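If you read the sequences in order, they're chains A and B.
Reminder that position 61 of the first sequence reads as 61 in the working numbering, one-by-one numbering, no gaps.
Reminder that position 38 of the second sequence reads as 38 in the working numbering, one-by-one numbering, no gaps.
Backbone N, C-alpha and C define an ideal beta-carbon position, used for all residues, glycine too.
Every value quoted in this text rests on a predicted model; they were computed, and no experiment measured them.
Contents: one structure, followed by commentary.
2 protein chains.
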Amino acid sequence: MNLELDFRSGIPIYLQVVDRIKEMIADGRIRPGDQLPTVRALATELRVNFNTVARAYRILDEAGIISTQQGRGTYILEMPPPETSEAMRRTTFEALTDRYLADAVRLGLPPEEILAFIRQQLNSKKQGVE
Amino acid sequence: MNLELDFRSGIPIYLQVVDRIKEMIADGRIRPGDQLPTVRALATELRVNFNTVARAYRILDEAGIISTQQGRGTYILEMPPPETSEAMRRTTFEALTDRYLADAVRLGLPPEEILAFIRQQLNSKKQGVE
DNA sequence: AGTACAATGATACAATTATACAATCGTACA
DNA sequence: TGTACGATTGTATAATTGTATCATTGTACT
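Right under this line is the structure:
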């Protein structure tokens, strides 16, 4: 991986790891689909605890840059910044909805019930009540 | 089999497989007596280890929904257990809906728009070609 | 000193994979 | 028939991977 850290900089290790990996993606040293080292492997290489690496990976995961999967490993995502346009989102949403409605109808649910349940779920979500 | 997984959802693969198969039974896409794909075949299709599929099958087996037999294969049982098909359909429908809404919200759609589009689609279906 | 908080480490855990195994089926051949 | 053997099926167990939780350390601020 060849990833250099500065233990004396005062910048937290996990943030340094996040930045180094972002750089490597930006300049193409690692690419979408590539597997990153396991948290333990990279931790050993960097002489840190693997939880520190895990923390960096989690941040990158939440940023949508990588995908970490328990038991499998972590991978660079295809779309680094999935900034989809409004039109794209709309199209995706409509396809998603049609597929969902087809499934629901196939289950034999009457349209009123489908609508009712969705309304209920959306309301409870809005109020944060479960 | 046409069974979609989300590796980034955080929901374990084996549970996703369990749910997808329950859905297919509930809505009739697969029926009592049908043979499910072998653990290896389905695993290859899903790009997953076959033990992960085996785990899902074992759960369905213990729930009395399918029957897995070493050396023979796995089959949908005649009676979709005591959990009557009505309750099962309802459960399946609600899980399906929650999954759909999570996707839609993640796309950034406001609840009103989700509801509006669904209402529109249901109406056009009612009046459209049947 | 004492306290609070962030960073890191230690430990136990859960999901997935790798490998070896056992049961069944299918086919060939005696 | 029947039996031997390879292919195919599910099973069992351990190794590998990320996750969750709490303990420890260090630093800043009273």
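**Prompt:** In chain order, what residues of the same chain have a beta carbon less than 6 angstroms from the beta carbon of Arg20(B), not counting five sequence neighbours either side?
**Reply:** For the purposes of this step, residue 20(B) is taken as residue 20 along the second sequence, with counting starting at 1. Excluding sequence positions up to five before and after Arg20(B), its CB lies within less than 6 angstroms of the CB of Leu3, all in the same chain and listed in chain order.
**Asked** Thr92(B): which of Val105(B), Ala43(B), Asp27(B) sits nearest, CA to CA?
**Response** Position 92 of the second sequence holds residue 92(B). Selected option, being the one with the closest Cα: Asp27(B).
**Request:** Entirely within the region 43 to 108 of chain B and at least 3 residues each: give me those beta strand (DSSP E) ranges in chain order.
**Result:** Within the region 43 to 108 of chain B, the complete beta strand (DSSP E) runs of at least 3 residues are 66 to 69, 73 to 76.
**Message:** Does any residue of chain A have a CB that is nearer than 8 angstroms to the CB of Pro111(B)?
**Reply:** The count along the second sequence starts at 1 and reaches residue 111(B) at position 111. The C-beta of Pro111(B) comes closer than 8 angstroms to at least one C-beta of chain A.
**Request:** Could you spell out the range, first to last residue, of the alpha helix (DSSP H) harbouring Met1(B)?
**Result:** Here residue 1(B) refers to the residue found at position 1 when the second sequence is read from its first residue. For Met1(B), no alpha helix (DSSP H) encloses it, and the DSSP letter there is neither H nor E.
**Prompt:** Pick from Thr68(B), Glu23(B), Phe117(B), Ala116(B): whose alpha carbon is nearest that of Leu36(B)?
**Reply:** As a working mapping, residue 36(B) is identified with position 36 in the second sequence. It is Thr68(B).
**Request:** Between the Cα of Arg8(B) and those of Leu77(A), Arg47(A), Ala41(A), Val18(A), spot the shortest distance and give me the residue it belongs to.
**Result:** Against the second sequence, residue 8(B) aligns to sequence position 8. Checked all of Leu77(A), Arg47(A), Ala41(A), Val18(A); the closest Cα to Arg8(B) is Leu77(A).
**Prompt:** Taking the C-alpha atoms as reference points, what is the distance between Ala102(B) and Asp98(A)?
**Reply:** In the second sequence, counting from the first residue as 1, residue 102(B) sits at position 102. In the first sequence, counting from the first residue as 1, residue 98(A) sits at position 98. For Ala102(B) and Asp98(A), the gap between their C-alpha atoms comes out near 15 angstroms.
**Message:** Rounded to whole angstroms, what is the Cα-Cα separation between Ile30(B) and Glu86(B)?
**Reply:** Numbered from its first residue, the second sequence carries residue 30(B) at position 30. Numbered from its first residue, the second sequence carries residue 86(B) at position 86. Straight-line measurement puts the Cα of Glu86(B) at about 17 angstroms from the Cα of Ile30(B).
**Request:** State the CB to CB distance for the pair Glu151(A) and Phe117(B), rounded to an integer number of angstroms; the pair is presumed to be in contact (CB under 8 angstroms).
**Result:** Here chain A comprises residues numbered 1 to 130, so residue 151(A) is not present and cannot be evaluated.
**Message:** Check this for me: beta carbons of Leu122(B) and Pro32(A), under 8 angstroms apart or not?
**Reply:** Looking up residue 122(B) in the second sequence gives position 122. Looking up residue 32(A) in the first sequence gives position 32. With respect to Pro32(A), Leu122(B) sits apart: the two C-beta atoms are not nearer than 8 angstroms.
**Request:** Flag Gly108(B) as yes if its beta-carbon sits less than 8 angstroms from any beta-carbon of chain A, otherwise no.
**Result:** What you label residue 108(B) is simply residue 108 of the second sequence in a count that begins at 1. It does; some Cβ of chain A falls within 8 angstroms.
**Message:** Just verifying my parser: in three-state terms, what is the DSSP assignment at Ile11(B)?
**Reply:** Taking the first residue of the second sequence as 1, we reach residue 11(B) at position 11. It is coil, neither helix nor strand.
**Item:** Close beta carbons around Gly10(B), own chain, < 8 angstroms, minus the five adjacent residues each side
**Value:** In the second sequence, counting from the first residue as 1, residue 10(B) sits at position 10. Nothing listed; no residue qualifies.
**Prompt:** Can you round the beta-carbon distance between Val53(A) and Leu60(A) to whole angstroms, since I take them to be within the 8 angstroms contact cut?
**Reply:** Translated into positions along the first sequence, residue 53(A) becomes position 53. Translated into positions along the first sequence, residue 60(A) becomes position 60. Approximately 11 angstroms separates the beta-carbon atoms of Val53(A) and Leu60(A); this is outside 8 angstroms, ruling out the contact.
**Asked** Between Tyr57(A) and chain B, is there a C-beta pair that is closer than 8 angstroms?
**Response** As a first step, residue 57(A) is located in the first sequence; it is residue number 57 there, counting from the start. Chain B contact via Cβ: absent.
**Nearest-angstrom Cβ-Cβ length linking Tyr100(B) and Thr74(B), presumed shorter than 8 angstroms** = In the second sequence, residue 100(B) corresponds to position 100, counting from 1. In the second sequence, residue 74(B) corresponds to position 74, counting from 1. That pair is no contact at about 28 angstroms.
**Message:** Does any residue of chain A have a CB that is nearer than 8 angstroms to the CB of Ala116(B)?
**Reply:** Along the second sequence, one-based indexing puts residue 116(B) at 116. So, not an interface residue.
**Asked** Which one or two residues does DSSP pair with Gln121(B) in a beta bridge?
**Response** For the purposes of this step, residue 121(B) is identified with residue 121 of the second sequence, where counting begins at 1. DSSP output for Gln121(B) lists no bridge partner at all.
**Request:** Name, please, each residue of chain B whose Cβ falls closer than 9 angstroms to the Cβ of Gln121(A).
**Result:** Against the first sequence, residue 121(A) aligns to sequence position 121. Within 9 angstroms Cβ-Cβ: Glu94, Thr97, Asp98, Leu101.
**Message:** Using C-beta distances below 8 angstroms, list every residue in its chain close to Tyr14(A), excluding the 5 sequence neighbours before and after it, in chain order.
**Reply:** Looking up residue 14(A) in the first sequence gives position 14. Cβ neighbours of Tyr14(A) beyond the five flanking positions: Thr52, Val53, Arg55, Ala56, Ile59.
**Prompt:** Do you know how far the Cα of Val17(A) is from the Cα of Glu45(A)?
**Reply:** Indexing the first sequence from 1 puts residue 45(A) at position 45. Indexing the first sequence from 1 puts residue 17(A) at position 17. Looking at the two C-alpha atoms, the distance is approximately 12 angstroms.
**Item:** Status (buried if at least 16 other CB within 10 Å, exposed otherwise) for Met24(B)
**Value:** Mapped onto the second sequence, residue 24(B) falls at position 24. Residue environment: Met24(B) is assigned as buried (16 or more neighbouring CB atoms within 10 Å of its CB, all protein chains considered).
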